[in-house]
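Here our numbering is used: the first residue of the sequence shown is 38, the next is one more, and so on.
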Amino acid sequence: MLILMKAKATPLQVEAVARMVIEAGLNVEKSNGSGPVMFSVHAPHSAPSKLTDEEVRKLPGVDRIAHIRTAYKLSSREFQPADTVVSVGGVKIGGRNLAVIAGPCSFESLDQGLEIARALKKAGVSIMRGGIFKPRTSPFSFQGLRDKGVSLLDEIRGQTGLCFVTEAVDERSFDLLEDHADMLQIGARNMQNFELLRRAGRSRKPVLLKRGMSATLDELLMAADYILAGGNRQVVLCERGIKSFAHHLRHTLDLGIVPVLKNVSHLPVIVDPSHGTGDARYVGPMALAAAAGGADGVMLEVHNDPTHALSDGAQALDLKSFAQLAPRMQAVFKAAHSG
Ligand code: PEP
Ligand code: MN
Numbered sequence: 038m039l040i041l042m043k044a045k046a047t048p049l050q051v052e053a054v055a056r057m058v059i060e061a062g063l064n065v066e067k068s069n070g071s072g073p074v075m076f077s078v079h080a081p082h083s084a085p086s087k088l089t090d091e092e093v094r095k096l097p098g099v100d101r102i103a104h105i106r107t108a109y110k111l112s113s114r115e116f117q118p119a120d121t122v123v124s125v126g127g128v129k130i131g132g133r134n135l136a137v138i139a140g141p142c143s144f145e146s147l148d149q150g151l152e153i154a155r156a157l158k159k160a161g162v163s164i165m166r167g168g169i170f171k172p173r174t175s176p177f178s179f180q181g182l183r184d185k186g187v188s189l190l191d192e193i194r195g196q197t198g199l200c201f202v203t204e205a206v207d208e209r210s211f212d213l214l215e216d217h218a219d220m221l222q223i224g225a226r227n228m229q230n231f232e233l234l235r236r237a238g239r240s241r242k243p244v245l246l247k248r249g250m251s252a253t254l255d256e257l258l259m260a261a262d263y264i265l266a267g268g269n270r271q272v273v274l275c276e277r278g279i280k281s282f283a284h285h286l287r288h289t290l291d292l293g294i295v296p297v298l299k300n301v302s303h304l305p306v307i308v309d310p311s312h313g314t315g316d317a318r319y320v321g322p323m324a325l326a327a328a329a330g331g332a333d334g335v336m337l338e339v340h341n342d343p344t345h346a347l348s349d350g351a352q353a354l355d356l357k358s359f360a361q362l363a364p365r366m367q368a369v370f371k372a373a374h375s376g
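Here is the structure:
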């Protein structure tokens, strides 16, 4: 049982609900984010609950009671039937449009960022991606511009009007980036960094949550629940490829999860074919397949000079290839959604 308190519930009302549940012999977990308080209530197997929904609902300050059968709760369609539409600096992700997020794996300098930004803008992109804090497999690989790169976002926004999504790798980088980015990314490696998820739950900025490379659908949605439980309802899910026995590509892009996620969750879903394939030759076809397969958006790595990129050059589209692909993705999306 989930008990959702009203936003204006007083601490005394919250305490009264907790007391009633505990006195009924039930186990209770209270959310401690910035949003309305929520209780998750479980009956121990040895002592089935005698507490009825009616008794709880009568208490002042209680907004709603929900019984969700799946392991994931707040991200489920059972909890919220209507699609969530996320607004990134006024640009919508979800609803009946294909959001395109593009940019380099890493910001390398202001000049590099600006050159890519101008080309993206020309191709109709509104949301730019670019890592400043990079989670790299080797400590000897380029780690991003880190603290000194944060101001780049304001600089490029000022010159182009683009919005930005960039990755926070821990709570400190989240704090640093929060006021400069329009959306914060939690990457595959941090999908189950629960303290970082809690931090994102306390934020008012939208969050792009990437699927861990070995995470199941349930695990992805339970990770999203951490953010939602904290009071932040602006969450976008991202399929970016998983580990499998197949070695012909960097990862196995699980496009099949897209319609399943759309069925069981109200959250928007986007696809990242760049990390999913690891090879620029296959990024275009998989981006088109994502646009046809029900995704609400696509995130692509684009670089002005892929061969000299400091990270993930092999999977980066050059500016010209991206400009050619952008209208084709929209055309495929339109065709797949007509009728
Ligand atoms: C990225 O988007 O730059 C990134 C590191 O992605 P992932 O977390 O999916 O590997
Ligand atoms: Mn990358």
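Every residue, glycine too, gets a C-beta built ideally from N, C-alpha and C.
Of the candidates 67, 39, 62, the residue whose Cα lies closest to the Cα of residue 52 is 67. Cβ contact annotation for residue 150 (same chain, cutoff 7 Å, sequence separation greater than five): 144, 167, 189, 193, in chain order. Residue pairing by DSSP places residue 324 opposite no residue, since no beta bridge is assigned to it.
For residue 206, same chain residues with a beta-carbon under 6 Å away, outside a window of 5 residues either side, are 170, 172 in chain order. The C-beta distance from residue 332 to residue 295 rounds to 5 Å, short enough to meet the 8 Å contact threshold. Excluding five sequence positions before and after residue 314, the CB atoms of its chain that fall closer than 8 Å to its own CB belong to 278, 286, 287, 288, 290, 320, 323, 352, given in chain order. By alpha-carbon distance to residue 369, the top candidate from 186, 266, 134, 125 is 134.
Taking the C-beta atoms as reference points, residue 247 is found no nearer than 8 Å to residue 221. A distance of 8 Å or more separates the beta carbons of residue 81 and residue 340.
The Cβ atoms of residue 127 and residue 47 lie no closer than 8 Å to each other. The continuous beta strand (DSSP E) containing residue 64 extends over residues 64-67. Membership of residue 93 in the alpha helix (DSSP H) is indicated by the continuous run 90-94. Counting C-beta atoms within 10 angstroms of its own C-beta, residue 153 has 16 or more neighbours from the protein chains shown and is therefore classed as buried. Using a Cβ distance threshold of 8 Å, residue 240 and residue 269 count as a contacting pair. Per the C-alpha coordinates, the member of 156, 39, 327 positioned closest to residue 299 is 327.
For residue 209, the enclosing alpha helix (DSSP H) begins and ends at 208-214. Look at residue 358 here: in three-state DSSP terms it is helix.
With a cutoff of 7 Å, residue 209 does not count as near the ligand PEP, since its C-beta is closer than that to no heavy atom of the ligand. Between residue 264 and residue 273, the C-beta spacing is not below 8 Å. Assignment of residue 108 by DSSP, reduced to helix, strand and coil, places it in the coil class. In this structure, the C-beta of residue 142 approaches the ligand MN to less than 7 Å from one of its heavy atoms. Where residue 100 is concerned, the enclosing beta strand (DSSP E) starts and stops at 99-103.
Going by DSSP, residue 192 is part of no beta strand (DSSP E) but of the alpha helix (DSSP H) stretching over 187-197. Uninterrupted alpha helix (DSSP H) stretches at least 4 residues long and entirely within the stretch 237-325 occur at 254-266, 294-301, 310-314, given in chain order.
By the 16-neighbour rule on beta-carbons within 10 angstroms, residue 305 is buried.
Shown here for residue 280: same chain residues with a beta carbon closer than 6 Å to its own, the five before and five after excluded, namely 250, 251 in chain order. For residue 228, the three-state secondary structure derived from DSSP is coil.
Under the three-state reduction of DSSP, residue 345 is assigned to helix.
Across the structure, residue 253 and residue 203 are spaced so that their CA atoms are roughly 24 Å apart. Remark: C-beta atoms of residue 110 and residue 73 do not approach each other more closely than 8 Å.
The three-state secondary structure of residue 52, taken from DSSP, is helix.
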